[in-house]
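S.K.:
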Amino acid sequence: MGMIKQAVKFGIVGGGNTLLSLAVIWFMTKKLGCTEAFSNFVGYLIGLINSFFMNRMWTFESKNNMLGSAVKFFIVFAVCYLLQLSVLLLLNRYCPYDPPLYALFEPVLKILRIDTLFYIQITAMIIYTVLNFLISKYYTFKE
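Residues in the sequence shown are numbered from 608 upward in steps of one, following the numbering used here.
#1: Can you give me the C-alpha to C-alpha distance between R700 and M635, rounded to a whole angstrom?
#2: Since K738 and L690 should fall inside the 8 Å C-beta cutoff, what is the C-beta to C-beta distance between them, to a whole number of angstroms?
#3: Answer with buried or exposed for A731, where buried requires no fewer than 16 other C-beta atoms within 10 angstroms of its C-beta.
#4: When the distance is taken between beta carbons, is Y735 closer than 8 Å to C702?
#5: State the CB to CB distance for the pair L692 and I653, rounded to an integer number of angstroms; the pair is presumed to be in contact (CB under 8 Å).
#6: In the structure shown, what three-state DSSP assignment does I721 receive?
#7: Should L627 be counted as a contact of the ligand PLP given a C-beta to heavy atom distance under 7 Å?
#8: Once DSSP output is grouped into helix, strand and coil, what is the label at Y704?
#9: Throw me the rounded Cβ distance for the N671 and F617 pair, which I believe falls under 8 Å.
This is the structure we're talking about:
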C-alpha cells in the first residue's frame with residue numbers, strides 16, 4: 608500500500624484519537640483540576656488503545672504477530688510520548704505567553720477560543736504524530 612494512502616488513514620485514525628485525547632485532557636485539566644502532565648498521560652493512554660487496533664487492522668493492514676506488534680507499538684509510543692511531553696513542558700516553561708508561531712495564528716485561535724495552553728498542546732501533538740507515523744510505517748507494522 609502506498610505511503611500517501613497510509614498517511615491519510617493514519618491521519619484519520621490520529622485525528623479521531625487527537626480529538627479524543629484533547630477532550631480527555633481538557634476535561635481532566637479544566638473540570639477535574641488534574642495536573643497537565645497527568646491529564647496528558649491519561650488522554651494519550653485512551654487514544655493509544657484505539658490507535659493500535661485501528662492502525663494495525665486498517666491503516667497498515669498488518670498480518671504480523673499481534674503480540675510482537677503490540678510490544679513494538681508500545682515502545683514506539685513511549686519514545687514518541689516522552690519526546691512530545693518534553694516539548695510540551697519546555698514550551699510551557701519557557702514560552703507560556705508567546706510560544707513559537709503563536710502570533711501567526713493568534714487571530715484564528717482567539718476566534719476559536721483556543722488559549723495558549725492548548726496551542727502548545729496541539730504543537731506537541733503534531734510533533735508526536737509525524738514521528739509516530741514514520742516509526743510505525745518503517746518499524747512497528749513493517750511487513
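Glycine included, C-beta positions come from ideal geometry on N, C-alpha and C.
M.R.: According to the data block:
#1: 20 Å
#2: The question names Lys, yet the displayed sequence has Leu at residue 738. Confirmed, Cβ separation roughly 7 Å.
#3: Burial is judged here by how many other beta carbons sit within 10 angstroms of a residue's own beta carbon; A731 has at least 16 and is buried.
#4: no
#5: Not really, about 16 Å apart at Cβ, beyond 8 Å.
#6: coil
#7: Of ligands this structure carries none, so the ligand PLP is not represented either.
#8: coil
#9: So it is not a contact: roughly 17 Å between Cβ atoms.
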